[in-house]
Structures are given as C-alpha cells and as structure tokens.
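>
Protein chains: 2
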Amino acid sequence: MLQSFGIGLAGLGNVGAGVFKHLTQNRALLRERLGVELNVRKIAVRNVSKERGIAVAPELLTTEWQDLLADPAISIIVELMGRKEESLRLILGAIERGKIVVTGNKALLAEHGREIFEAATRHKIPVFFEAAVAGGIPIIKSIREAFIGNHIESIHGIINGTSNYILTQMVETGASFNEALAEAQAAGYAEADPAFDVNGWDAAHKAIILASLAYGFWIPIDKIFVEGIEHITANDICFARKLGYTIKLLGIIKASTSGEIEVRVHPTLIPEKHVLASVSGVFNALAVHGDVVGDTLFYGRGAGQDPTASAVIADIAEAAAALQSPRSNYGFMPHGLYGTCTPLDKIVSEYYLRVLVEDRPGVMAQIAGTLGGLNIGISSIFQPEGTEGEAVQLILVIHKATHGQMSEALAQIGTLNCVKQPPRMIRVENFA
Amino acid sequence: MLQSFGIGLAGLGNVGAGVFKHLTQNRALLRERLGVELNVRKIAVRNVSKERGIAVAPELLTTEWQDLLADPAISIIVELMGRKEESLRLILGAIERGKIVVTGNKALLAEHGREIFEAATRHKIPVFFEAAVAGGIPIIKSIREAFIGNHIESIHGIINGTSNYILTQMVETGASFNEALAEAQAAGYAEADPAFDVNGWDAAHKAIILASLAYGFWIPIDKIFVEGIEHITANDICFARKLGYTIKLLGIIKASTSGEIEVRVHPTLIPEKHVLASVSGVFNALAVHGDVVGDTLFYGRGAGQDPTASAVIADIAEAAAALQSPRSNYGFMPHGLYGTCTPLDKIVSEYYLRVLVEDRPGVMAQIAGTLGGLNIGISSIFQPEGTEGEAVQLILVIHKATHGQMSEALAQIGTLNCVKQPPRMIRVENFA
Chain A
1 MLQSFGIGLA GLGNVGAGVF KHLTQNRALL RERLGVELNV RKIAVRNVSK ERGIAVAPEL
61 LTTEWQDLLA DPAISIIVEL MGRKEESLRL ILGAIERGKI VVTGNKALLA EHGREIFEAA
121 TRHKIPVFFE AAVAGGIPII KSIREAFIGN HIESIHGIIN GTSNYILTQM VETGASFNEA
181 LAEAQAAGYA EADPAFDVNG WDAAHKAIIL ASLAYGFWIP IDKIFVEGIE HITANDICFA
241 RKLGYTIKLL GIIKASTSGE IEVRVHPTLI PEKHVLASVS GVFNALAVHG DVVGDTLFYG
301 RGAGQDPTAS AVIADIAEAA AALQSPRSNY GFMPHGLYGT CTPLDKIVSE YYLRVLVEDR
361 PGVMAQIAGT LGGLNIGISS IFQPEGTEGE AVQLILVIHK ATHGQMSEAL AQIGTLNCVK
421 QPPRMIRVEN FA
Chain B
433 MLQSFGIGLA GLGNVGAGVF KHLTQNRALL RERLGVELNV RKIAVRNVSK ERGIAVAPEL
493 LTTEWQDLLA DPAISIIVEL MGRKEESLRL ILGAIERGKI VVTGNKALLA EHGREIFEAA
553 TRHKIPVFFE AAVAGGIPII KSIREAFIGN HIESIHGIIN GTSNYILTQM VETGASFNEA
613 LAEAQAAGYA EADPAFDVNG WDAAHKAIIL ASLAYGFWIP IDKIFVEGIE HITANDICFA
673 RKLGYTIKLL GIIKASTSGE IEVRVHPTLI PEKHVLASVS GVFNALAVHG DVVGDTLFYG
733 RGAGQDPTAS AVIADIAEAA AALQSPRSNY GFMPHGLYGT CTPLDKIVSE YYLRVLVEDR
793 PGVMAQIAGT LGGLNIGISS IFQPEGTEGE AVQLILVIHK ATHGQMSEAL AQIGTLNCVK
853 QPPRMIRVEN FA
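Chains A and B, in that order, are what the protein sequence lines are. If you count by our numbering, then the first sequence holds residues 1 to 432, one letter each, in order. If you count by our numbering, then the second sequence holds residues 433 to 864, one letter each, in order.
1. Using 8 Å as the cut-off, can you tell me whether the segment 266 to 274 of chain A makes contact with the segment 681 to 697 of chain B, which would need three or more C-beta pairs spanning the two stretches below that distance?
2. I need the DSSP call for Arg-264/A, collapsed to helix, strand or coil.
3. Just the Cα atoms here: how many angstroms apart are Ala-44/A and Val-707/B?
4. For Ile-247/A, which residues in chain B fall below 9 Å Cβ to Cβ?
5. Which residues of the segment 710 to 723 of chain B have a Cβ closer than 7 Å to any Cβ of chain A? Give them in chain order.
6. Just checking: is the beta-carbon of Phe-561/B within a distance shorter than 9 Å of some beta-carbon in chain A?
7. For Ser-328/A, does the three-state DSSP call read helix, strand or coil?
8. For Val-228/A, count the other beta carbons within 10 Å of its own beta carbon; 16 or more makes it buried, fewer makes it exposed. Which is it?
9. Output needed for Glu-191/A: all residues of its chain with C-beta closer than 8 Å, excluding positions within five of it in sequence on either side, in chain order.
10. Please work out which residues of its chain come closer than 8 Å, Cβ to Cβ, to Glu-822/B, disregarding the five sequence neighbours upstream and downstream, and give them in chain order.
11. Do Glu-429/A and Val-397/A have their C-beta atoms closer together than 9 Å?
12. Please report the straight-line C-alpha distance between Asn-610/B and Pro-626/B, rounded to a whole angstrom.
13. Check the Cβ of Lys-573/B against every Cβ in chain A and list those closer than 9 Å, keeping chain order.
14. Quick one: what's got a C-beta closer than 7 Å to Ser-436/B's C-beta in the same chain, skipping five residues either side?
15. On the premise that His-835/B lies in contact with Ile-779/B, defined as a C-beta separation below 8 Å, what is that separation, rounded to the nearest angstrom?
16. Once the 5 residues before and after Gly-200/A are set aside, which same chain residues still bring their CB inside 6 Å of it?
17. Got a sec: which bits of the segment 644 to 670 of chain B sit with their beta carbon under 9 Å from any beta carbon on chain A, in order along the chain?
18. Should Asp-202/A be labelled buried (16 or more other beta-carbon atoms within 10 Å of its own) or exposed?
19. According to DSSP, simplified to helix, strand and coil, what is Thr-415/A?
20. List the residues that DSSP assigns as beta-bridge partners of Asp-727/B.
21. Please state whether DSSP places Arg-241/A in a helix, a strand or coil.
22. Where His-112/A and Phe-128/A are concerned, what is the direct C-alpha to C-alpha distance, given to the nearest angstrom?
23. Verify whether the separation of the beta carbon atoms of Ser-87/A and Ala-204/A is less than 9 Å.
24. Confirm, please, whether the CB-CB distance from Ile-54/A to Ile-7/A is below 9 Å.
25. May I ask you to list the residues that DSSP assigns as paired with His-588/B?
26. If we cut at 9 Å on Cβ distances, does Pro-816/B have a partner in chain A?
27. Among residues of its own chain, excluding the 5 on either side of Val-711/B, which ones have a beta-carbon nearer than 6 Å to its beta-carbon?
28. Taking His-123/A as the query, report the chain B residues whose CB atoms sit under 7 Å from its CB, ordered along the chain.
29. According to DSSP, is Arg-871/B helix, strand or coil?
30. Apart from the five residues just before and just after Gln-798/B, which ones in its own chain have a Cβ nearer than 8 Å to its Cβ?
31. Would you tell me roughly how many angstroms separate the C-alpha atoms of Arg-83/A and Gly-216/A, rounded to the nearest one?
32. Compute the beta-carbon to beta-carbon distance between Val-101/A and Glu-79/A, rounded to the nearest angstrom, for a pair I have assumed lies under 8 Å.
33. Please say whether Lys-482/B and Ala-566/B have beta carbons closer to each other than 9 Å?
34. Can you give me the start and stop residues for the alpha helix (DSSP H) that Ser-595/B sits inside?
35. If we require 4 or more residues per run, which alpha helix (DSSP H) segments fall completely within the segment 435 to 487 of chain B?
36. Please check if any C-beta of chain A sits within less than 9 Å of the C-beta of Ser-608/B.
Okay, structure coming up:
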C-alpha cells in the first residue's frame with residue numbers, strides 16, 4: 001500500500017481550481033513519480049455554491065479555513081486565498097501544528113516573510129512558495145538549490161506580465177499607455193483595477209522575495225525603490241528605440257562588492273539586443289548572474305491558472321518528500337537574518353532624461369550647466385525632430401549618477417524658465 | 433559541531449579543478465546554506481605532478497580511483513574522469529558501498545544509464561548528474577522536480593555549444609563551415625578533434641538523458657536519429673534566411689499523443705523570431721513544453737569550467753541533504769523501465785531541400801513529380817538568384833512527410849538526369 005498524504009486547499013479561485021484540476025488529471029503520473037498518494041481532503045472557500053467549472057465533491061468544501069488546521073489527517077496546507085490577515089493566521093497556525101505550508105501569496109511573504117520564516121525555522125517546518133514569483137518558472141528552486149554554490153551577483157527580472165504586455169503593445173503598435181492598458185483589459189491580461197500591476201508593486205513584492213532568498217535576510221519594504229509604467233509615453237518608447245533601447249519594467253537586485261544589497265523596480269531602458277528585450281507579451285523572464293555559473297536566463301508564463309498550478313504542484317511534491325524524510329535545512333532560506341541595503345540616495349544608475357524646453361539657443365547649455373553644477377556627466381544629448389507648440393523635446397543620457405544627485409538635478413531643472421514641464425527620467429541598464 | 437561529509441573527487445581536469453576551486457572559495461557560503469561541512473578527502477588523478485593552476489595539498493592526490501571507494505570516510509563520489517570502463521566501475525562500486533554518486537559523464541549515462549540506475553534503485557542510492565546536460569543550466573532539476581506534475585510534451589534544445597558557436601559564426605560572417613570551425617578552434621571553443629561536437633553525438637547523449645528523464649525509460653541509442661552540422665553550407669544559411677529561418681543544431685524530444693517517444697538531433701531551420709533563434713555563440717538553451725506549465729525556456733553557458741562546476745556543486749549539496757535525510761525516491765528517474773520509441777522511418781517532420789539542377793525548363797516539374805509520386809506535398813519552391821556553371825540551386829519546402837518517405841524521395845531525385853549533385857535535406861521546425 002502506498003503512503004498517502006492529506007492536503008488542505010485554502011482558496012479555490014483561478015489558481016486553486018487549477019491545482020485541484022491538475023492534481024486530479026495527473027494523479028497517476030504523480031503517484032508514479034512520487035511513490036506516494038496525494039489526497040485533497042478539504043477545500044476552504046468563501047462560497048460553497050459558486051460555479052467554478054470543475055467537478056468538486058461537495059463534501060470537500062468548507063467555508064471555514066480553520067477546518068483545515070483542525071483536521072489531523074491534513075499534513076500539507078496549500079494557501080491560495082491571497083488574503084493578508086487570514087492567510088497569515090492560516091500559515092502560522094499550520095506551522096505551529098507541524099503541517100507543511102505551500103503558498104503563492106507574494107504580498108504576504110514580502111510583508112510578513114520574516115515572521116513566517118522565523119516561525120518555520122523554530123518549528124523546523126518547511127514553507128514552499130515557488131508560485132509566488134514568476135508562475136511556472138522554477139526560479140525559487142533554481143536560486144535556492146541549483147545555484148547554492150554561487151554568490152548571486154544580480155537578478156534582472158521581467159516579473160509582471162501585465163506591465164510587459166502593455167509595454168509590448170506600446171512598442172509594437174505605437175499605442176499610448178492608456179490605449180494599451182484598455183487593450184490588455186479587453187484581452188483579460190489586466191484587472192479592472194490595474195493599479196497594483198502597473199504601479200510596480202506586484203513586481204516589487206516578487207523582487208523582495210527573490211532578494212531575500214538570494215541574500216538570506218528579509219529586505220525591508222521601505223528600503224526598495226518602486227516606480228510603475230504609468231508615465232511612459234509613446235514618445236519615450238520611440239526615443240528609446242532611436243538610442244537602440246527598448247523599455248521594460250524590471251525588477252533589479254544587485255549585491256555590491258561590499259555586500260550591500262539594492263532592490264528596485266522601475267521602467268528601464270535596456271539594449272534592444274539584450275535577451276530580455278525579446279521577452280514580449282505576458283511572458284516573464286529572469287536573468288540571474290552567479291559568481292560561478294555566470295549568466296543564466298529563465299523564461300515562461302509568469303501567471304495564469306495552469307503555469308501557476310504547475311509551480312504549486314511541484315511544491316506539494318516537495319512537501320510530500322519532506323514528510324517522508326524531514327530535512328534540517330531547505331536550501332538557503334533563511335540562512336541568516338542580517339544584511340544591509342544600499343540607501344536609496346546612494347544607488348547608482350544610468351538615466352534617460354526627457355525635458356520639454358523652449359526652442360531657442362542657449363537652452364541646452366543651461367540644462368547641461370545645471371547637471372555639471374551637480375557633478376553629473378552627460379554622455380549624450382539629442383533633439384528628436386518635431387516641435388510641440390513653441391517647445392521641443394530634449395533627450396539626455398546620463399552615464400552614471402546616484403539617485404540623490406538626480407533627484408536634486410530634476411528639482412533644479414524643473415525650476416528653469418526654459419523648461420516647460422517637469423522633466424521625465426527613466427533609468428537605463430546596460431548590463432555592464 | 434557541524435556534521436561533515438567526505439568527498440572523493442575522481443578527475444582533476446578542467447571541470448574537476450573548477451569544482452575543487454569553488455568548493456574551497458565558497459566554503460563559508462556553502463556551510464552557511466547547507467548547515468554541514470563538505471571536505472574533499474581524496475582526489476584521483478592520472479598524474480600527481482601535473483601543474484593544474486590550483487593549490488591542492490599533495491596528500492589529497494592518488495593515482496588509484498579505487499582508493500576513493502576504499503575510504504570509509506568518503507560518502508560522496510564525484511566522478512569527473514570522463515572515461516567509460518573505469519568511470520562505470522567507480523560508479524557501480526560507489527553504489528554498492530552506499531556512497532552517493534555525482535557525475536557529469538553524459539556518454540556513460542547515455543550508454544549505461546539503465547545499468548547504473550537499476551543498481552542505484554536496488555541499493556536506494558541516489559545518482560545526481562546535473563552537469564551532464566547543459567552545464568550550469570538547471571535543466572535536470574527542473575524536469576525532475578519543478579515539472580513533476582507535468583507530462584513533458586516536448587523539449588527542443590541547443591545543447592552543443594561548439595556547434596552553436598560555429599553556426600552563429602556562419603550566420604554572422606558568412607563563413608563556410610570549415611572557416612567557422614577553424615575560428616572556433618582558435619577561440620578555444622572547439623577541440624583539435626571536433627568530430628564528436630559537430631557530428632551531433634555529444635548533443636545526442638544529452639538528448640538521451642533528457643528523454644530518459646522525462647519519460648522514465650532509457651532510450652536505446654539505436655532508436656534515435658543523429659545528424660551533424662558538417663554539411664551545412666553558407667548557401668544554406670543564406671537561403672534559410674530568405675525563407676525567414678535560421679539554422680541551429682537542435683536536440684528534439686517529443687511524445688506523441690499515443691505515448692511514443694521520438695528523439696533526434698540534427699541541424700534545423702527554425703523561425704528567426706523564435707526565442708531559440710536568438711541563442712548565439714557557445715550558449716545553450718532548452719525550450720520545455722509541459723502540459724500544465726506550457727512553454728518555458730532555460731538559457732545559460734552549457735560548458736566551461738565554472739558553469740559546469742556550479743552544477744556539480746549543486747549536486748554535491750543534494751548529496752549532502754540526501755545523506756542527512758535519505759529519501760525513498762529522487763524525482764522521476766527511473767519511474768519505470770518501459771516505453772516505446774517512434775520508428776525512425778515513421779517520424780514526421782518538415783523539410784528544406786536544396787537541389788542543384790540543370791538550368792532548363794521542365795526540371796522543376798520533374799522534381800515536383802517525383803515528390804508527388806511519393807505522396808509528398810510541396811509547400812513552396814524557389815530558385816535563388818545566381819547560377820553555378822550551367823546549374824542552378826532549387827529550394828523546396830516540404831510541409832509534412834515521414835523520414836521514410838523523404839529517404840525514398842532523396843534516392844529517386846538523386847538519380848534524375850537533371851540533378852547534378854546528391855540533394856541536400858535539412859529539417860524544419862515551426863513549433864506548431
């Protein structure tokens with residue numbers, strides 16, 4: 001007789017239903033590969049009578065997630081409710097009761113990861129969360145296990161499919177942000193309220209998880225820089241292309257040689273020839289650089305019912321293996337609770353600057369002088385053709401400056417009489 | 433006091449030296465992440481006095497690989513000798529003695545995988561082999577663990593860096609195969625004897641390993657189709673581009689809906705817009721399609737001291753975890769020793785056909801007639817500009833035909849009077 005493990009599934013939304021469906025459909029495959037039987041014993045939902053398009057025996061359903069904790073035959077809790085308070089209580093309750101946790105709740109991990117993993121370490125209970133970052137792409141497992149012998153030097157990720165879809169549309173059709181967003185909503189790739197996807201915070205939660213994994217301490221949420229794609233214009237896309245770049249929303253995680261970590265999410269000009277530039281539509285991709293392995297890239301669907309279910313099922317399989325043979329250690333999370341982040345103002349980057357200025361001699365010198373006064377070197381200036389009323393766009397590329405220097409520069413440039421609108425700044429990444 | 437595990441390293445060539453170097457350099461990191469100490473206790477080499485550019489205490493070295501088996505304090509054997517007979521004896525000897533095996537020996541696994549894994553299963557000893565395929569790319573772990581809930585429907589891989597470097601040179605510079613090969617040798621990317629890399633067999637060994645992993649039975653070496661890149665001409669590259677394709681040496685693994693497996697390695701026309709088309713130089717990449725996860729791609733350096741060492745060290749870390757908590761099962765290898773392969777003659781593909789023919793009316797009809805007589809449909813014919821003496825090239829694209837049909841077609845076309853050279857055929861993959 002095969003050993004059997006009971007699963008409690010919390011949440012039967014899009015991903016939860018996918019997990020249940022594929023656990024059922026690929027049951028024989030999993031039994032054969034794992035050598036154990038996986039049984040979903042209870043499913044916590046808000047509404048038992050909701051139509052979900054999958055066949056679920058009614059006796060599996062409960063409206064009380066606490067029932068999953070109370071069932072002694074459930075040894076794996078799969079948290080896919082996507083809530084804050086209740087998800088946290090469920091996860092901490094599971095850990096206390098010795099039930100292994102699988103979750104895809106990125107917001108919760110980004111905000112309460114430290115608390116959750118401290119409890120997990122204390123109780124020696126693993127918490128798996130492959131589904132929290134980049135859907136079906138096994139990036140968590142790869143950083144945690146495949147690159148265990150590496151210092152992770154950097155991660156550059158396209159980790160929000162909605163933003164990438166919108167930017168791809170803007171590049172391919174010349175659409176404005178609002179047009180592309182409407183198109184994404186019509187195609188089902190953006191929510192009715194898209195704020196969290198386009199303002200960078202969904203990507204930021206994922207970046208926090210990746211950075212915490214790579215560096216072994218939970219990055220405080222106030223130590224990261226986050227900017228969304230709402231202000232990217234068709235002009236920016238067009239000017240970037242003239243410079244040989246495309247624009248992507250990137251999560252960037254870097255370790256300095258002194259060991260300080262920087263985590264930021266922002267629209268970024270990247271060279272058109274870089275492999276990340278060819279990642280289009282809702283796809284996600286992560287470029288990871290390790291000191292031993294060098295450059296690697298992972299690509300796939302970062303969201304959606306099936307890819308995310310694939311990640312959850314892999315975690316359930318890990319949980320089953322952990323139940324059979326408990327380990328004292330599950331890769332490098334958390335291997336320490338120390339570490340420092342580079343202060344925002346000190347983060348060095350390259351920049352693209354777009355300034356709407358009066359079309360008259362001397363203006364370029366005035367702006368260059370302002371930057372020079374702040375010790376900021378300019379690597380190029382160009383003026384695209386066409387005027388906007390009596391004003392023209394001026395594009396500057398700044399080779400290297402700190403966030404602090406550039407904030408001051410933007411403030412000063414914004415007060416110049418010849419400048420007609422607050423200047424727009426987008427960061428540039430050349431993967432040097 | 434931390435637990436400590438003894439490692440016996442067999443082979444101190446390029447990869448072996450990399451493993452030793454990085455185990456030493458990243459020792460603190462590994463200790464912290466793993467929670468155990470890893471100690472290389474003995475290293476088997478052919479020549480103890482050879483200069484290797486790394487500092488190794490002379491008392492670690494032995495010329496007898498049997499010494500690694502004899503040492504009871506060695507619990508992990510890392511086989512990097514890259515030999516046949518002796519590597520097999522070492523691995524089987526390790527398994528019998530309860531020592532966990534890590535190897536990067538792809539030729540050995542492709543030829544003796546069944547024997548090795550039968551012994552491993554019998555003795556419940558894991559054998560790890562991430563370094564055998566695609567260097568630092570964690571493709572073995574991903575198939576085995578991350579995609580455990582998936583039926584793997586296909587794998588398309590650029591898994592020989594030397595061939596990819598040569599083809600990239602041919603595309604970028606218009607060089608002939610021989611010129612590009614010489615360039616690769618000068619750059620250190622091809623061996624003095626490049627046969628094994630350019631004739632497809634190195635890729636074939638890796639494809640066998642991947643297919644065996646994905647489908648749970650060892651693919652017999654005589655069931656796969658292997659063709660190298662030696663006969664690709666600058667003309668082919670140029671004509672392919674006119675059709676919107678580039679040429680890559682691909683390992684292709686597919687499961688039919690009836691469960692038959694096909695494994696083949698050959699130069700392949702792939703659409704220029706496909707993500708694999710942008711994988712250039714010595715890089716490797718694998719596109720894996722699972723029934724749940726959908727399309728994924730993995731990219732990185734497929735060879736070289738450091739990337740391969742990264743994979744070996746990850747396996748050593750797995751071995752250490754397995755020593756602490758033995759599992760009854762290590763992912764899906766082997767989960768069965770059954771399965772069938774599609775007979776070569778029945779494998780369906782698309783084709784590019786280049787025929788040097790007399791430059792006179794009626795020739796096209798004659799060739800089309802021959803194909804028609806074999807029930808092979810033509811999707812396009814074109815004649816690139818330029819003559820070669822009194823002959824011209826004719827390019828045909830065949831939408832779908834079996835290997836058997838095409839073999840017969842090539843034989844018949846070759847005997848036509850109007851045909852000046854044996855026709856050249858390259859397979860096409862549109863990832864439909």
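Virtual Cβ for every residue (Gly too), placed ideally from N, Cα, C.
This is what the structure holds:
1. no
2. strand
3. 41 Å
4. Those within 9 Å of Ile-247/A in chain B number zero; the least Cβ separation is about 19 Å.
5. Ser-710 and Gly-722
6. no
7. coil
8. In the sequence on display, residue 228/A carries Gly and not Val. So Gly-228/A counts as buried.
9. Thr-162, Gln-185 and Asp-197
10. Glu-790 and Asp-791
11. Here Glu-429/A is not near Val-397/A, since their CB atoms are 9 Å or more apart.
12. 11 Å
13. Pro-138, Lys-141, Ser-142, Glu-145 and Ala-146
14. Val-468, Glu-469 and Asn-471
15. 5 Å
16. Val-226, Glu-227, Gly-228 and Val-265
17. Gly-648
18. buried
19. coil
20. His-721/B
21. If DSSP states are grouped into helix, strand and coil, Arg-241/A belongs with the helices.
22. 15 Å
23. no
24. no
25. Looking at the DSSP output, His-588/B shares a beta bridge with Ile-684/B and Ala-719/B.
26. At a cut-off of 9 Å, the C-beta of Pro-816/B has no neighbouring C-beta in chain A.
27. Ile-590 and Ala-717
28. Neighbours of His-123/A on chain B: none; closest Cβ ~16 Å, over 7 Å.
29. The displayed coordinates of chain B run from 433 to 864. Any statement about residue 871/B would go beyond what the structure contains.
30. Here Gln-798/B has Leu-848 and Cys-850 as same chain residues with Cβ atoms under 8 Å from its own Cβ, once five neighbours each way along the sequence are excluded.
31. Rounded to whole angstroms, Arg-83/A to Gly-216/A spans 25 Å at the Cα level.
32. The Cβ separation is near 6 Å, so the contact holds.
33. no
34. 593 to 605
35. 446 to 457 and 459 to 466
36. no
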